[in-house]
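Asker: Have a look at this one.
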Amino acid sequence: MYKTIQETASWLKQRMTTSPTTAIVLGTGLGQLASEITDTYEFPYTDIPNFPVSTVEGHAGKLIFGKLGGVDILAMQGRFHFYEGYNMKEVTFPVRVMYELGIKTLFVSNAAGGMNPEFKIGDLMIITDHINLFPEHPLRGKNFPTGPRFPDMHETYDHALIAQADEIARERGIRVMHGVYVGVQGPTFETPAEYRMYHIMGGDAIGMSTVPEVIVAHHCGIRTFGVSVITDLGGFDVPVEVSHEEVQEAANKAQPLMTEIMREMIKRA
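Sequential numbering of the sequence shown, starting at 93, is according to this note's numbering.
What follows is the structure, given as structure tokens:
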């Protein structure tokens, strides 16, 4: 697998005309942030050797290189999920490739269901920690030489980046919340009882991505910042039905605020 990762990175390096050290993973309904990137060149996943292919509606499926806030970046428009049938090595393959390309900082975004009664639909939740409930661990198997066999996870989400995001949000008058993201395999949305259970466990929002990517990035020594757009609410007294289309719509409305924060963070990096 490590040789395959290096082969893919080599293929991209031969075609790259920039040298980004920052990458962004754009989740459900958040792919529009790609329109903010200037001086772009891109590679569809189908053209990249060994790359998986995104199958989820709302995920475009391409690597975009360009500038955001005047800084060279790499954006992953469309990610891979465990529920699509990929194993964890495939889900996190792009992050391994990013490391080989010289990425030092990773921004991850997602759409998530809110379980905290203080949350509103459309809120941005800065991820301060996570609970990993995926049935397969992304570091299971032979250890990659990019990090230790047993990595410490005390500061998985970079405290300095979180503080910077808070400062920018205050300056711009953007409402941001903090919370713990619970990662589950999906593809079903949660039952009311499951929402209540995950909240009791310490979760504030729940989704089907992000955690595997962040674990692998952390293993590689990549600084990570994560943000969830709260697209639906669950676990409260009144049941709320949710559809994928509604999740996308809520994410699209919140996307400009998330873009503003991330653009400024990248500019100040």
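All C-beta atoms in this analysis are idealised placements derived from N, C-alpha and C, irrespective of residue type, glycine included. Treat the numbers as computed from the prediction; the structure is a model and nothing was measured.
#1: What first and last residue would you give for the beta strand (DSSP E) that runs through Val-222?
#2: Just verifying my parser: in three-state terms, what is the DSSP assignment at Arg-264?
#3: Nearest to Glu-286 by CA position, among Val-321, Gly-206, Met-354 and His-251, is which residue?
#4: Using 8 Å as the threshold, is the stretch 290-310 in touch with the stretch 200-218, meaning 3 or more CB pairs across them?
#5: On the CB-based measure, 16 or more other CB atoms within 10 Å of its CB, does Asp-244 come out buried or exposed?
#6: Restricting to Cα atoms, I'd like to know which of Ile-292, Pro-279 and Glu-263 is closest to Val-272.
#7: Here's the rule I'm using: 16 or more other beta-carbon atoms within 10 Å means buried, otherwise exposed. How should Ser-102 be labelled?
#8: Taking the DSSP output, what are the residues bridged to Lys-159?
#9: Which two residues bound the contiguous beta strand (DSSP E) that contains Arg-315?
#10: Below 8 Å on the Cβ atoms is my guess for Leu-155 versus Ile-140; work out the distance and round it to an integer in Å.
#11: Can you give me the Cβ contacts of Pro-136 inside the same chain, cut-off strictly under 7 Å, excluding the 5 residues immediately before and after it?
#12: Of all the options Thr-113, Leu-104, Phe-157 and Val-145, which has the alpha carbon lying nearest to the alpha carbon of Ser-127?
#13: Thr-96 lies in the alpha helix (DSSP H); which residues open and close that run?
#14: Ordered along the chain, which non-local residues of its own chain (more than five positions away) have a Cβ less than 8 Å from that of Thr-283?
#15: Suppose the cutoff is 8 Å on Cβ atoms and the five residues either side in sequence are ignored; what does the same chain contact list for Ala-204 look like?
#16: With 16 other CB atoms within 10 Å as the buried threshold, where does Gly-150 fall?
#17: Is the separation between the beta-carbon of Ile-195 and that of Ile-314 shorter than 8 Å?
#18: Do Pro-186 and Met-168 count as a contact pair if the criterion is CB distance below 8 Å?
#19: By DSSP's criteria, Val-274 is part of a beta bridge. Which residues make up the other side?
#20: What first and last residue would you give for the alpha helix (DSSP H) that runs through Ala-309?
#21: How would you label Met-190, buried or exposed, when you count the other beta carbons within 10 angstroms and need 16 or more for buried?
#22: Mind checking which residues open and close the alpha helix (DSSP H) that includes Leu-193?
#23: Select from Asp-131, Thr-114, Tyr-94 and Phe-199 the residue whose C-alpha is nearest the C-alpha of Tyr-249.
#24: Apart from the five residues on each side of it in sequence, which residues of its chain come closer than 7 Å, Cβ to Cβ, to Ser-111?
#25: Taking the alpha helix (DSSP H) that Ile-292 falls in, what are its first and last residues?
#26: Using DSSP with H/G/I as helix, E/B as strand and the rest coil, what is Asn-202?
Answerer: Walking through what the data contain:
#1: In the sequence under discussion, the amino acid at residue 222 is His, which differs from the Val named in the question. Where His-222 is concerned, the enclosing beta strand (DSSP E) stretches over 216-224.
#2: Residue state, collapsed to three classes: helix.
#3: Here the closest residue by C-alpha is Gly-206.
#4: Pairwise C-beta distances place the stretch 290-310 in contact with the stretch 200-218, as three or more of them are shorter than 8 Å.
#5: Exposure of Asp-244 is indicated by the presence of fewer than 16 other C-beta atoms within 10 angstroms of its C-beta.
#6: Closest by alpha carbon: Ile-292.
#7: With fewer than 16 other beta carbons inside 10 angstroms of its own, Ser-102 counts as exposed.
#8: Answer is Thr-130 and Asp-164.
#9: Counting along the chain, Arg-315 sits inside the beta strand (DSSP E) bounded by residues 315-325.
#10: Under the criterion of beta carbons closer than 8 Å, Leu-155 and Ile-140 qualify as touching, at roughly 7 Å.
#11: Within the same chain, Pro-136 has close Cβ partners Gly-153 and Lys-154.
#12: Ranking Thr-113, Leu-104, Phe-157 and Val-145 by Cα distance to Ser-127 puts Phe-157 first.
#13: For Thr-96, the enclosing alpha helix (DSSP H) covers residues 94-105.
#14: The answer is none, since no qualifying residue turns up.
#15: The answer, listed in chain order, is Met-217, Tyr-273, Ala-297, Ile-298, Gly-299, Ser-320, Val-321, Ile-322 and Thr-323.
#16: Legend: pLDDT at Gly-150 = 49, less than 50; position of this residue unreliable, no value from coordinates given.
#17: Their beta carbons are under 8 Å apart, which means Ile-195 touches Ile-314 by this criterion.
#18: Yes; because the gap between Cβ atoms is below 8 Å, this pair is in contact.
#19: In the DSSP assignment, Val-274 forms a beta bridge with Ile-223 and Ile-298.
#20: Run containing Ala-309: 303-311, per the alpha helix (DSSP H) assignment.
#21: With 16 or more other Cβ atoms inside 10 Å of its own Cβ, Met-190 counts as buried.
#22: First-last of the alpha helix (DSSP H) with Leu-193: 185-193.
#23: Nearest of Asp-131, Thr-114, Tyr-94 and Phe-199 to Tyr-249, Cα basis: Phe-199.
#24: The residues are Asp-164 and Gly-194.
#25: It spans 284-292 - the alpha helix (DSSP H) in which Ile-292 sits, taken as one unbroken run.
#26: Strand at Asn-202.
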